[in-house]
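Enquirer:
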Amino acid sequence: MKDEGPKRSAKQQEEHLMTHQARSREESSAGSTEGVRRTSSVTLSDVARLAGVSVSTASKALNGRDQVRAETRQRVLDTAERLAFRPNPLARGLLAGATGTVGLLTGDLEGRFSLPILMGAEDAFGAGELSVFLCDARGDTIRERHHVRALLDRRVDGLIVVGSSTDPRPSLGRDLPVPVVYVYAPSEDPADLSFVPDNVAAGRMAVEHLIACGRTRIAHIAGAATYAATTDRMKGIAAALAEAGLEPAAASHTGAWSERWGRAAAAMLLDQGTELDALVCGNDQIARGAVDTLRDLGRQVPHDVAVIGFDDWHVVTEGCRPELTSLDMNLEQLGRNAATALAQAIADGSALSGGVRTQTARLVVRESTVPLT
6 MKDEGPKRSA KQQEEHLMTH QARSREESSA GSTEGVRRTS SVTLSDVARL
56 AGVSVSTASK ALNGRDQVRA ETRQRVLDTA ERLAFRPNPL ARGLLAGATG
106 TVGLLTGDLE GRFSLPILMG AEDAFGAGEL SVFLCDARGD TIRERHHVRA
156 LLDRRVDGLI VVGSSTDPRP SLGRDLPVPV VYVYAPSEDP ADLSFVPDNV
206 AAGRMAVEHL IACGRTRIAH IAGAATYAAT TDRMKGIAAA LAEAGLEPAA
256 ASHTGAWSER WGRAAAAMLL DQGTELDALV CGNDQIARGA VDTLRDLGRQ
306 VPHDVAVIGF DDWHVVTEGC RPELTSLDMN LEQLGRNAAT ALAQAIADGS
356 ALSGGVRTQT ARLVVRESTV PLT
C-alpha cells in the first residue's frame, strides 16, 4: 500500500491553502497563452476543515445560529477571517438552507420583449450563483399553474413571472411558500412586487425630444387602444404637449402593432390634410411603415417630418431609411432589477414589499429626428 506520509496539522493545512491561493493569484495576474484566467477562492469546506468542525457547524456559526457554542463560533469566525472568506448575501442565504435555484416563468418565451428580460434576470442570478429553471406557459393559465406546482416541487427559492405585455395580470396568490416578483406585466394585486417599463415617461420623452428638435406640429400613430402601453404613452405625450403650450396635430390614430398599420395611418393623416412636422409612433414597426408612406408621398424624413418609435428593435431601426430614432425600454435592466430584488429577499429571508417599480427608457437618437436648422 502506498505510503501517503504524515497528515498535515490544521496550521500546516492553513499555510498550504494560503500558499496555494497566493500562487493562484500570481498565475491569474500573469494570465496564460490561451487567455484564460485561473482563480482560486476559499470555500466553506476549507473554513470548516481548518477550524476542526463540520461544514454544517461552520455554516451555523457564520450565520449566527444559537446551536453553536460561543468558543466554536469564535474559532470559525477567526478562521474565516484569516482565510479572507467573505460569503456574499446570496451565499449566506444558500448556507441557511436554500436550494440555490429560482423559477423563471414566462408566457411568451419567443417574444422579443421576454427574451431581453430573461437575459437580464439570468445575468443577475448568475452573479449570485443562483441556478435558473425556465418554464414557458405559452399564454395558457392551466399550463402556468402546472409549471408553478412543478417548480415548487423542485423547492425553488423564488419565482419571477414575466408577462407578454404591460397589461396587468392575475396574481399567483399570497399563499405560495416562496417570494414572487412580476416583470413587464404587473400583478393586479398591489401587495405584490412588480417591475414595469415607465411608458408614461417614455411618451413624454419622445415629445420632449421632438420639441427640442424644433418640431411643433406633432401627431401620434399608436398600436392597439386596449393596451396599457398605448394609454400610458398617450398620457405622457399629452402632458408634454400641454406643458409646451402645444396642441396635437391630430387625434391619436390607434390600430395594429405593424408596419402595414403605420403605412395606412400615415396615409390617412396626409389624406385628411393634417399639417404635421413630426410623428410619434407606437413601436418601431409602425414607425418604419410611416416612413415608407411619407417617402412615397413626397415627404422627406427628417427634413419635412421627424419620426420616432419605441422599443429600439435594431433589425427595424437600423434597417429603416433613414435610420430610426427610438426609445429603448431598457428591458434587460428591468429583468436585472427584478432578479436582484428577488435574490435579496431570498438571501435575507425577508418578505418582499409590494407596489410597482418603474424602469426609465433610454432615448437612442438616429437620423430620423435631425434638428431643424
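So in the working numbering the end of the sequence shown lands on 378, straight run, no missing numbers.
Note that the Cβ used here is the ideal one computed from N, Cα and C, for glycine as well.
1) Check whether the stretch 186-200 and the stretch 350-362 touch, using three or more Cβ-Cβ pairs below 8 Å as the test.
2) Do L215 and I223 come within 8 Å of each other at the CB atom, strictly closer than that value?
3) Return helix, strand or coil for P11, following the three-state DSSP convention.
4) How would you write the range of the beta strand (DSSP E) that S199 sits in, first residue to last?
5) For K393, collect the residues of the same chain with a Cβ closer than 6 Å to its Cβ; drop the 5 residues on either side in sequence, then sort them by chain order.
6) Where does E193 sit, in a helix, a strand or coil, going by DSSP?
7) Reducing DSSP to helix, strand and coil, say where L382 ends up.
8) Using 10 angstroms around the beta-carbon of T365, count the other beta-carbons present and answer buried if the total reaches 16, otherwise exposed.
9) Below 8 Å CB to CB, which residues in the same chain sit around E252 once its five sequence neighbours on both sides are set aside?
10) Per the DSSP calculation, C140 is bridged to which residue(s)?
11) Can you list, in chain order, the residues of its chain with a C-beta nearer than 8 Å to that of V201? Leave out the 5 residues immediately preceding and following it.
12) Touch check for the stretch 283-290 and the stretch 305-322: three-plus C-beta pairs under 8 Å?
13) Quick check on the burial criterion: 16 or more other C-beta atoms within 10 angstroms. Buried or exposed for P376?
14) Quick check on the DSSP output: the alpha helix (DSSP H) that includes A295 runs from which residue to which?
15) Report the option in D237, D333, A211 and L135 whose CA atom is closest to the CA atom of P173.
16) Going by the beta-carbon positions, is the gap between A381 and T279 smaller than 8 Å?
17) Only counting the same chain, and skipping five residues up and downstream in sequence, which positions put a Cβ closer than 7 Å to that of P175?
18) Check each candidate in D51, A126, V296 and S119 and name the one with the smallest Cα separation from F90.
19) Based on the DSSP secondary-structure assignment, which residues constitute the bridge partners of H225?
20) Please confirm whether E337 and E372 have their CB atoms less than 8 Å apart.
21) Taking the C-alpha atoms as reference points, what is the distance between A132 and K240?
22) Under the rule that 16 or more other beta-carbon atoms within 10 Å means buried, what is I122, buried or exposed?
23) Identify every residue that forms a DSSP beta bridge with Y187.
24) With the cut-off set at 8 Å, would you say S169 and G108 are in Cβ contact?
25) Which same chain residues end up closer than 6 Å to R367 when comparing Cβ atoms and leaving out the 5 residues on each side of it in sequence?
26) Hey, could you find the ends of the alpha helix (DSSP H) A66 is sitting in?
27) If D162 and V183 are in contact, beta carbons under 8 Å, what's the gap, nearest whole angstrom?
28) Identify whether Q349 lies in helix, strand or coil by the three-state DSSP scheme.
Expert: The structure says:
1) yes
2) Taking the first residue of the sequence shown as position 1, residue 223 is located at position 218. Taking the first residue of the sequence shown as position 1, residue 215 is located at position 210. Cβ atoms of I223 and L215: closer than 8 Å.
3) One-based indexing of the sequence shown puts residue 11 at position 6. The predicted position of P11 is uncertain, since its pLDDT is 45 and thus under 50; a value taken from the coordinates is nonetheless stated next. In this structure, P11 counts as coil in the three-state DSSP scheme.
4) The residue given as residue 199 occupies position 194 in the sequence shown. L198 to P202 is the extent of the beta strand (DSSP E) around S199.
5) Residue 393 is absent from the structure shown; the chain starts at 6 and stops at 378.
6) Mapped onto the sequence shown, residue 193 falls at position 188. The answer is coil: DSSP assigns E193 none of H, G, I, E or B.
7) Outside the displayed span of the chain (6 to 378) sits residue 382, for which this structure offers no information.
8) Locating residue 365 in the sequence shown gives position 360, where the first residue counts as 1. So T365 counts as exposed.
9) For the purposes of this step, residue 252 is taken as residue 247 along the sequence shown, with counting starting at 1. Taken in chain order, the residues that qualify are L246.
10) Stepping through the sequence shown from its first residue, residue 140 is reached at position 135. L110, per the DSSP bridge assignment.
11) Within the sequence shown, residue 201 is the residue found at index 196, counting from 1. Cβ neighbours of V201 beyond the five flanking positions: T171, V188, Y189, A190, P191, L339, V361, R362, T363 and Q364.
12) The answer is yes - the stretch 305-322 touches the stretch 283-290, with three or more Cβ pairs under 8 Å.
13) Sequence index remark: in the sequence shown, residue 376 carries index 371 (1-based). By the neighbour-count rule (16 or more Cβ atoms within 10 Å), P376 is not buried but exposed.
14) Mapped onto the sequence shown, residue 295 falls at position 290. A295 -> alpha helix (DSSP H) spans D289 to D301.
15) One-based indexing of the sequence shown puts residue 173 at position 168. The shortest Cα separation from P173 among D237, D333, A211 and L135 belongs to D237.
16) The question about residue 381 has no answer here: the residues shown for the chain are numbered 6 through 378.
17) Looking up residue 175 in the sequence shown gives position 170. Contacts found: E193.
18) In the sequence shown, residue 90 corresponds to position 85, counting from 1. When only C-alpha atoms are compared, the closest one is D51.
19) Reading the sequence shown from its first residue, position 220 is the one you call residue 225. Answer by DSSP bridge pairing, in chain order: V285.
20) Translated into the one-based positions of the sequence shown, residue 337 becomes position 332. Translated into the one-based positions of the sequence shown, residue 372 becomes position 367. No; because the gap between Cβ atoms is not below 8 Å, this pair is not in contact.
21) Counting from 1 along the sequence shown, the entry for residue 132 is found at position 127. Counting from 1 along the sequence shown, the entry for residue 240 is found at position 235. One C-alpha to the other measures close to 37 Å.
22) Numbered from its first residue, the sequence shown carries residue 122 at position 117. I122 should be labelled buried.
23) Counted from its first residue, the sequence shown places residue 187 at position 182. Partner(s): V166 and S199.
24) As a working note, residue 169 is residue 164 in the sequence shown. As a working note, residue 108 is residue 103 in the sequence shown. Cβ distance not < 8 Å, so S169 and G108 don't count as in contact.
25) Here residue 367 corresponds to residue number 362 of the sequence shown, with the count starting at 1. Counting only residues of its own chain and dropping the five nearest sequence neighbours on each side, R367 has a CB closer than 6 Å to the CB of D333 and N335.
26) Position 61 of the sequence shown, counted from the start, is the residue given in the question as residue 66. Taken as a continuous stretch (DSSP letters only), the alpha helix (DSSP H) holding A66 covers V60 to L67.
27) Position 157 of the sequence shown, counted from the start, is the residue given in the question as residue 162. Position 178 of the sequence shown, counted from the start, is the residue given in the question as residue 183. Between V183 and D162 the Cβ distance is about 6 Å, and since that is below 8 Å, they are a contact.
28) Start at 1 with the first residue of the sequence shown, and residue 349 comes out as number 344. Three-state DSSP puts Q349 in a helix.
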